[in-house]
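Mapping of the sequence shown onto our numbering: position 392 corresponds to residue 613, and the numbering continues sequentially without gaps.
Ideal placement from N, C-alpha and C gives every residue a C-beta, glycine not left out.
Please read all numbers here as calculations on a predicted model, not as lab measurements.
Only one structure is covered here, and it is reproduced in the block below.
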Amino acid sequence: MDLLERIDEWGRTTPERPAHVSAGRTLTYGALLRRSDAFAAHLALALPDDGSPVAVIGHKEPEMLIAFLGAVKAGHPYVPIDTSLPPHRVASIVATAGARLTLTPEYVSQLADVEADAPGRRLRMSDHYYIIFTSGSTGEPKGVVITLGCLTSFVNWMLDEQSFKEREEVFLNQAPFSFDLSVMDLYLSLATGGTLFSITREDIANPKQLYQAFAASGVTAWVSTPSFAQMCLAERRFAAEMLPQLRRFLFCGETLPPEVAAELLRRFPEAMVWNTYGPTEATVAATSICVNHALLGRYPSLPVGRPKPDARVLVMDEAGQPARPGERGEIVIAGPNVSPGYLGRPDLTARAFFDLDSQWAYRTGDWGYYRDGLLFFEGRMDSQIKLHGYRIEIGDIEANLMALPGVRDAVVIPVGKDGIYDSLTACVVLAERLAGSDFEVSCTLRAKLGKRLPSYMVPRRFCFQEAFPMTANGKVDRHKLAEALA
Ligand code: AMP
Numbered sequence: 222m223d224l225l226e227r228i229d230e231w232g233r234t235t236p237e238r239p240a241h242v243s244a245g246r247t248l249t250y251g252a253l254l255r256r257s258d259a260f261a262a263h264l265a266l267a268l269p270d271d272g273s274p275v276a277v278i279g280h281k282e283p284e285m286l287i288a289f290l291g292a293v294k295a296g297h298p299y300v301p302i303d304t305s306l307p308p309h310r311v312a313s314i315v316a317t318a319g320a321r322l323t324l325t326p327e328y329v330s331q332l333a334d335v336e337a338d339a340p341g342r343r344l345r346m347s348d349h350y351y352i353i354f355t356s357g358s359t360g361e362p363k364g365v366v367i368t369l370g371c372l373t374s375f376v377n378w379m380l381d382e383q384s385f386k387e388r389e390e391v392f393l394n395q396a397p398f399s400f401d402l403s404v405m406d407l408y409l410s411l412a413t414g415g416t417l418f419s420i421t422r423e424d425i426a427n428p429k430q431l432y433q434a435f436a437a438s439g440v441t442a443w444v445s446t447p448s449f450a451q452m453c454l455a456e457r458r459f460a461a462e463m464l465p466q467l468r469r470f471l472f473c474g475e476t477l478p479p480e481v482a483a484e485l486l487r488r489f490p491e492a493m494v495w496n497t498y499g500p501t502e503a504t505v506a507a508t509s510i511c512v513n514h515a516l517l518g519r520y521p522s523l524p525v526g527r528p529k530p531d532a533r534v535l536v537m538d539e540a541g542q543p544a545r546p547g548e549r550g551e552i553v554i555a556g557p558n559v560s561p562g563y564l565g566r567p568d569l570t571a572r573a574f575f576d577l578d579s580q581w582a583y584r585t586g587d588w589g590y591y592r593d594g595l596l597f598f599e600g601r602m603d604s605q606i607k608l609h610g611y612r613i614e615i616g617d618i619e620a621n622l623m624a625l626p627g628v629r630d631a632v633v634i635p636v637g638k639d640g641i642y643d644s645l646t647a648c649v650v651l652a653e654r655l656a657g658s659d660f661e662v663s664c665t666l667r668a669k670l671g672k673r674l675p676s677y678m679v680p681r682r683f684c685f686q687e688a689f690p691m692t693a694n695g696k697v698d699r700h701k702l703a704e705a706l707a
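Below is the structure:
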């Protein structure tokens, strides 16, 4: 049984079980099966059979799940887009993806209610399943293609390692579906006949509502960025009494601070805390480790774990040779979970992906080293950062800033401590003096940038300069700029 058949099987054997709960709405496995089949039949008629992607835009509505499965059943990979993105960014993603259709929850609910059989095609492992867009250093997002084979490799590993209880788990869905972290909760839940419990951005913006939602959720498996859990820990009542069924935290996407892991173990004595590591290009995660008191006592910074069994996770030195234990190098991931590449960008694909002894491999751009057989993450080799769990290319913000009228040059400096950032500052050289005070000009630039970029990429502070300091070889001296800001 492949992953899709497995999900459909829950629709036949447990049609009444909730597959998804979001903003007070419930989608059962029976309805997910019936409606995704009907939607696939509709798409098969509406689109040429060319495997072209279908964009799905929304914010955690049950219709998004129907659209995802319907698209894939009809032979079209889906591109999940969250409604928090501004129209300019959405348009750029839809155009780059070459999507012929952009589906909204309204569109899906109108069309997915008629009885119809799915086209009955069987997916091959090499078929494209979804495409997730991440920040690109030139100012345009890039689409990471994930095949059914990549996704299957990830899901099977997690099912083997985590021993979830079938038909009993409730998975927290914190990340919007446009981020690959959500693939962890969505597909582990659907594969095990579990319930996906989404919290919406309204819940997250309203702490009272959020903690009420948790208390009513029955969540057993928590999937989020460490940043989100850290935010929740600020609430004293965030503990086992609020989430009595919670047995496991699954983290990915950024450094898990040891003090966050320790506090979670203290407040949730019956839960395990897992740190997993990987980029979107290697399908969510490729290494994992269960963090316990012994591990916390041994290592001041937590390891990201051991490779999944069907993948190789290597640390390579500058000569492209495996680094010795303890020696720092670039983390390279090879295996069936590695994406075939970036959609429509053979240039970018050739730079980051390569054949490693007949296995497809990805250069992560992450520094790392092995110690005691465990992989440790040591920051980035380039100017990609994580800000509150979001992956951002600094060049993406700078390119979009420089596209604004009146801006001659722009440098964005992430602000934080020990590689953990909490805000962005934009240093800007204006082409001519814009009308208004610095404060007014920064408000104007922020508003204009917010029309091109998601809000988490818009710098909090702006500072205006006549010219940037330069290094001896003629590049902007970012260190000097950062020091001047500190
Ligand atoms: P994304 O594609 O959004 O999942 O981001 C991938 C990047 O996030 C990786 O290349 C790392 O730089 C970082 N990352 C992912 N997981 C971890 C982790 N457990 N600890 C530290 N950094 C991580």
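In the displayed model, CYS684 falls within a strand according to three-state DSSP.
For secondary structure counted as the beta strand (DSSP E) over 3 or more consecutive residues, the region 365-419 holds these complete runs in sequence order: 391-394 and 416-419. Judged by the Cβ position, ASN496 qualifies as a neighbour of ligand 1 at the 7 Å threshold, a heavy atom of the ligand being closer than this. When only Cα atoms are considered, PRO478 and GLN331 end up about 45 Å apart. Closer than 7 Å to some heavy atom of ligand 1: that describes the Cβ of PRO500. Per DSSP, ARG601 is not a residue of any alpha helix (DSSP H); the beta strand (DSSP E) it occupies stretches across 595-601.
When DSSP states are grouped into helix, strand and coil, HIS241 belongs to the strand group.
No Cβ-Cβ contact shorter than 8 Å links MET537 with PHE398. Here GLN430 carries a helix assignment [DSSP, helix/strand/coil]. The closest CA to that of TYR328, considering only PRO308, ILE367, VAL366 and PRO283, is found on PRO283. Taking 8 Å as the cut-off, the beta carbon of LEU651 is found no closer than this to the beta carbon of PRO635.
When the Cα atoms are used, ASP348 and ARG519 turn out to be separated by approximately 43 Å. DSSP places HIS309 within a helical segment (H, G or I) once states are collapsed to three. Boundaries of the alpha helix (DSSP H) around SER663: 659-670.
For GLY627, the closest alpha carbon among the candidates SER663, ARG612, PHE598 and LEU608 is that of SER663. In the structure shown, the three-state DSSP call for ARG227 is helix.
Look at GLY556: its beta carbon is at least 7 Å from all of the heavy atoms in ligand 1. By the Cβ rule, the region 462-471 counts as touching the region 494-503, because three or more pairs are nearer than 8 Å. For the pair ALA461 and PHE489, the CB atoms are nearer than the 8 Å cut-off. If you ignore the 5 residues before and after LYS363, its C-beta comes within less than 7 Å of the C-beta of PHE354, THR355, GLY357, TYR563, ARG566 and LEU569, all in its own chain and listed in chain order. Taking C-beta separations shorter than 7 Å and ignoring five residues to either side along the sequence, the partners of PRO546 in its chain run TYR591 and ARG592, following chain order.
In this structure the region 262-271 does not lie against the region 242-251, because fewer than three pairs of beta carbons, one per stretch, are closer than 8 Å. Going by DSSP, TYR250 is part of the alpha helix (DSSP H) stretching over 250-267.
SER676 counts as exposed, since fewer than 16 other beta carbons sit within 10 angstroms of its beta carbon. Each residue's CA atom was taken as its position, placing LEU322 and LEU706 some 45 Å apart.
Within 7 Å of the C-beta of GLU475 there is at least one heavy atom belonging to ligand 1. In its chain, beyond the 5 residues on either side, GLU390 and PHE392 have a beta carbon closer than 6 Å to the beta carbon of GLY415. With a beta-carbon spacing of about 33 Å, ARG572 and ALA412 fall beyond the 8 Å limit used to define contacts. As a beta-bridge residue in DSSP terms, LEU651 pairs with VAL628. Within the region 502-549, the runs of beta strand (DSSP E) that reach at least 3 residues and sit entirely inside it are, in chain order, 508-512 and 533-537. Remark: the shortest separation between the CB of LYS607 and any heavy atom of ligand 1 falls under 7 Å. When the five nearest sequence neighbours on each side are left out, the beta carbons in the same chain lying within less than 7 Å of the beta carbon of ILE425 are those of LEU431, in order along the chain. For the 8 Å CB-CB criterion, LEU402 and CYS511 do not form a contact. In this structure LEU464 does not touch PRO524 by the C-beta definition: roughly 26 Å separates them, more than the 8 Å allowed. Here LEU517 has PRO479, ALA482 and ALA483 as same chain residues with Cβ atoms under 7 Å from its own Cβ, once five neighbours each way along the sequence are excluded. Taking the Cβ atoms as the reference, ARG256 lies roughly 5 Å from ILE287, within the contact range of under 8 Å.
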